[in-house]
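Read the structure below first, then the notes.
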Amino acid sequence: MMLADSFEADLEEAILDDAERQLVGERDNIIAQAVQRVQGRLERYAREEDYNVGPIVDSFTGVDVDRSDGQLTIRWGWAHPAVKYFEFGTSDHTIEGNPVLSFVWDADEAPDWVAEEFDREGDGYRVFLPEVEVSGVQETRAIRDSLNWLRREVSS
Amino acid sequence: MTHPSTEWVLDQVASVVTDVESTYTLAGGDDVSVRRVDRDTSRIWDGDGTLDMSTSIRERSAALEKGVYIGAQYADSVEEPIGTEYDLDKEVVVGVRLEGLTSQDGNWGHVDPEGADGVPWHGPDGFLRRVKAAIYAGREYPDADPDVGFTHLSLANEADQSSNYADYFRTDVDVVFDGFETLP
């Protein structure tokens with residue numbers, strides 16, 4: 001029997017095809033499950049602590065797949081700057097404006113004095129404040145636990 | 157209650173405490189201190205009292221003027237049945253958190269990138285590498301839980317957060333123990 005000269009490269013490609021399909025290609029793929037684990041953990045935390053993690057979940061960068069030189073590189077992440085606080089935890093802190101903070105405070109959540117002092121905009125009130133007190137968040141370990149799960153999935 | 161795997165990690169880095177203290181000094185001539193923290197109970201091993209390492213690091217300046225810290229906390233364990241006998245494939249994760257404050261720019265911490273007035277954080281002789289090496293030194297059959305026969309350990313998810321701060325150093329890394337548990 002004669003092997004084609006390209007058999008080694010063909011085999012490598014076939015293995016990468018299979019890995020890519022399982023990791024990112026097929027429905028309910030492994031990376032999608034890993035992402036879902038992180039977001040599920042954040043959303044559970046949000047429900048327990050009455051916190052809004054919507055902007056963090058929405059900052060998901062998508063899954064970027066790069067296949068070159070016989071390597072499969074897959075990247076995903078959350079671009080929101082607060083994601084590190086949910087991962088590693090932080091205590092109550094003050095955010096100072098430069099020179100002021102401006103945001104729309106949801107009408108359902110804003111205290112009465114906000115409604116009296118500021119103008120209505122969208123679903124809430126456009127506020128201008130020199131600083132705000134933000135309550136701390138617990139260390140959720142959402143991303144690290146998801147990566148540990150992913151490693152177990154891939155190695156088994 | 158302290159998980160046996162947390163205790164194993166803190167025991168394993170005992171050599172880092174003595175090695176760093178005998179190698180590095182502060183500007184005033186005192187030894188650099190290394191303090192271990194059992195984060196399952198918040199109890200400080202090297203010294204008295206307790207320390208909560210889950211709050212913002214900026215609130216721990218006073219503690220970080222007394223030394224650099226190695227915190228360990230039980231994080232997770234996963235098991236699944238394996239083989240035809242009633243045994244479990246088991247994995248236990250302990251989160252390690254290292255924290256320090258610089259001795260430069262008017263601060264009174266125990267970390268100095270140059271190694272003159274404190275222990276360097278990064279680099280070949282750095283605190284981070286010393287801690288990792290001490291844990292890896294016990295990687296063969298780590299006796300980290302009386303109920304589990306661990307075959308090995310690995311370090312995963314290293315996250316250096318030092319670049320988020322001007323004066324503070326902080327790195328998290330997971331110790332992942334892997335082995336088998338024989339059911340009674």
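Line by line, the protein sequences are chains D and F. If you read the first sequence in the numbering used here, its first letter stands for residue 1, the second for the next number, and so on. If you read the second sequence in the numbering used here, its first letter stands for residue 157, the second for the next number, and so on. Ideal Cβ placement from N, Cα and C applies to all residues, glycine included. Just so you know, these numbers come straight off a predicted model, no measurement behind them.
Beta bridge counterpart(s) of F:H148 as assigned by DSSP: As shown, chain F starts at 157 and ends at 340. That puts residue 148 of chain F outside it, with no answer to give.
For F:T206, the first and last residue of its enclosing beta strand (DSSP E): Counting from 1 along the second sequence, the entry for residue 206 of chain F is found at position 50. For F:T206, no beta strand (DSSP E) segment is defined, and its DSSP state is neither H nor E.
With 16 other Cβ atoms within 10 Å as the buried cut-off, status of D:F103: To locate residue 103 of chain D, count along the first sequence from 1; it is residue 103. Per the 10 Å Cβ criterion, exposed.
Distance between D:V63 and D:H80 (C-alpha atoms, nearest Å): Sequence index remark: in the first sequence, residue 80 of chain D carries index 80 (1-based). Sequence index remark: in the first sequence, residue 63 of chain D carries index 63 (1-based). Taking the straight line joining both Cα atoms gives about 16 Å.
Buried versus exposed call for D:L42 [16 or more other C-beta atoms within 10 Å across all chains shown]: For the purposes of this step, residue 42 of chain D is taken as the residue at position 42 of the first sequence. When all chains shown are included, D:L42 counts as buried.
Presumed contact (8 Å Cβ cut-off) between D:V137 and D:T61, rounded CB distance: Taking the first sequence and counting its residues from 1, one reaches residue 137 of chain D at position 137. Taking the first sequence and counting its residues from 1, one reaches residue 61 of chain D at position 61. With a Cβ gap of about 21 Å, D:V137 and D:T61 do not count as contacting.
Proximal residues of chain D, C-beta to C-beta of F:A312 below 9 Å: As a position in the second sequence, residue 312 of chain F is number 156, starting the count at 1. R144, L147, N148 and R151, listed in chain order.
Separation of F:H278 from F:W164, as counted between CA atoms: Here residue 164 of chain F refers to the residue found at position 8 of the second sequence. Here residue 278 of chain F refers to the residue found at position 122 of the second sequence. Roughly 24 Å separates the two Cα atoms.
Within-8 Å CB hit, D:T73 to chain F: Here residue 73 of chain D is taken as the residue at index 73 of the first sequence, counted from 1. For D:T73, no Cβ of chain F is located within less than 8 Å of the residue's own Cβ.
Buried or exposed by the 16-neighbour rule on C-beta atoms within 10 Å, applied to F:G251: Translated into the one-based positions of the second sequence, residue 251 of chain F becomes position 95. Looking at its Cβ environment, which holds 16 or more other Cβ atoms inside 10 Å, F:G251 is buried.
Beta-carbon proximity of F:V287 to F:V188, cut-off 8 Å: One-based indexing of the second sequence puts residue 287 of chain F at position 131. One-based indexing of the second sequence puts residue 188 of chain F at position 32. No, these two residues do not count as a Cβ contact at 8 Å.
Contacting residues, own chain, Cβ-Cβ under 8 Å from D:G122 (five flanking each side not counted): Looking up residue 122 of chain D in the first sequence gives position 122. Excluding the 5 residues flanking it on each side, D:G122 has same chain C-beta neighbours closer than 8 Å at V104, in chain order.
Any chain F beta carbon closer than 8 Å to D:E141: For this step, residue 141 of chain D is matched to residue 141 along the first sequence. Sequence check: residue 141 of chain D is Arg here, not Glu. For D:R141, the closest Cβ of chain F is nearer than 8 Å.
Opposing strand residues paired with F:T181 [DSSP bridges]: Stepping through the second sequence from its first residue, residue 181 of chain F is reached at position 25. Answer by DSSP bridge pairing, in chain order: F:D187.
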